[in-house]
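In this note's numbering, the protein residues as written are -18 to 282.
Below is one structure, written out as structure tokens; comments come after it.
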Amino acid sequence: MSGPRLPGGRSLAVLRGRATPAGDGSGRRRLARQPVGFWLAVLWLGALSFFVLLAPVLGFLADPEAYSRDVQQGVGWSHWFGTDELGRDMFARVVWGGRLSLMIAAISVAAGILIGGSMGLLAGFFGGWADTLLSAVINVLLSLPALILALFIVTVLAQNTRNVTIAVTILAARAVARIVRAQTLRFRQREFVTAARCMGARTSRLIFREVLPNLVPVVVAFAFLALGLVIVGEGSLSFIGKSVPAPAITWGGILALAKGKLAAAPHLTIYPAVVMFCTLLAVNYIGDVLMRRFDVRQSLL
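Here is the structure:
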């Protein structure tokens, strides 16, 4: 027995099947055929995650705050990234700095997706005054330079981990809100949403069963790009001394401490900068690939 039909003989099930790109698994097959660079990026993030997540239990990792007589020692077997002016192991400091920097980034992106995604979804789906009000808030936030906005928030609220996380969360939320609103505006006019509405579906069903599942691939892809944005934002605040205060360690804080020692001890700057650069390159590359492969807007046109 065939399912409910719309004028013209088109079935609601058929419309849904055409509207859901993950249904035939083509996105997963295309993902499996990614170039070597994609898998190198995944490998880098996997290795980085191993070190930063297991840092407290890795026996070979030195104490990042332990002083030694090996002051500003270069790269060697005992100190993979050398030591700083106090004899502290730079590899351990980069790992622990990444632990805090990536924790702030992950929390900020997750909160940004929740807050910004909700704003964009409501604005795009309901339109009218809700769209006008929420779009005005989004546009005001987007009109402000990212670093100036984050610096203002940290200065007003106080300089600690929580407030730095709030500041970079706003950076992520405003970007997520914009892209989710644009995608929602596109999907709310699609045939499968119109069909469900004609069948008497409630607003909650239209949002959570018809629109939201199609937004997930784009949001997941954009989350990687947002991670890069947030890492740069927190690193910039640390570099100018407005992020998490010492003795907490972040990548930006490590670079800030080493900025006057580039000529005498270049390893203090080069290795933390390379790790941060490779991480940004990896998340942006993966995000770009996923946006191309799973962007519902492009795959359904």
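For glycine and all other residues, C-beta sits at the position ideal for the given N, C-alpha and C.
Nearest residue (CA-CA) to residue i, options the options
i: A148; options: R74, A163, L128; result: L128
i: G78; options: R273, T136, G234, L261; result: G234
i: R273; options: V199, G181, R162; result: V199
i: L208; options: L249, D269, T165; result: D269
i: P247; options: W20, G27, D51, G63; result: G63
i: S318; options: A163, L243, G27, A87; result: For residue 318 there is no data in the structure shown, the boundaries of the chain being -18 and 282.
i: V135; options: R167, G222, C259; result: G222
i: A171; options: W58, L206, N265, F106; result: Note on residue identity: the sequence assigns Arg, not Ala, to residue 171. Measuring from the Cα of R171, the nearest candidate turns out to be F106.
Distance, residue j Cα to residue i Cα
i: L187; j: D112; result: 17 Å
i: P45; j: V255; result: 19 Å
i: L123; j: A177; result: 34 Å
i: V17; j: N141; result: 40 Å
i: P226; j: N144; result: 12 Å
i: A263; j: M180; result: 45 Å
i: V56; j: A47; result: 17 Å
i: D65; j: S49; result: 10 Å
i: L26; j: T260; result: 7 Å
i: R285; j: L125; result: It is not possible to answer for residue 285, since the shown part of the chain is limited to -18 through 282.
i: D70; j: W232; result: 14 Å
i: P37; j: F31; result: 11 Å
Cβ-based burial, residue i [other Cβ within 10 Å; buried from 16]
i: L238; result: buried
i: I230; result: buried
i: N195; result: buried
i: F133; result: exposed
i: E307; result: Outside the displayed range of the chain (-18 to 282) lies residue 307, so it cannot be described from this structure.
i: G101; result: buried
i: Y252; result: buried
i: L34; result: exposed
i: F41; result: exposed
i: S219; result: buried
i: S224; result: buried
i: F189; result: exposed
i: W110; result: exposed
i: F258; result: exposed
i: T184; result: exposed
Assigned secondary structure, residue i (DSSP; H/G/I helix, E/B strand, else coil)
i: T184; result: helix
i: A19; result: For the sequence presented, residue 19 should be read as Phe rather than Ala. DSSP places F19 in helix when its eight states are reduced to three.
i: S224; result: coil
i: Y48; result: coil
i: R14; result: coil
Bridge-paired residues (DSSP) for residue i
i: T64; result: D70
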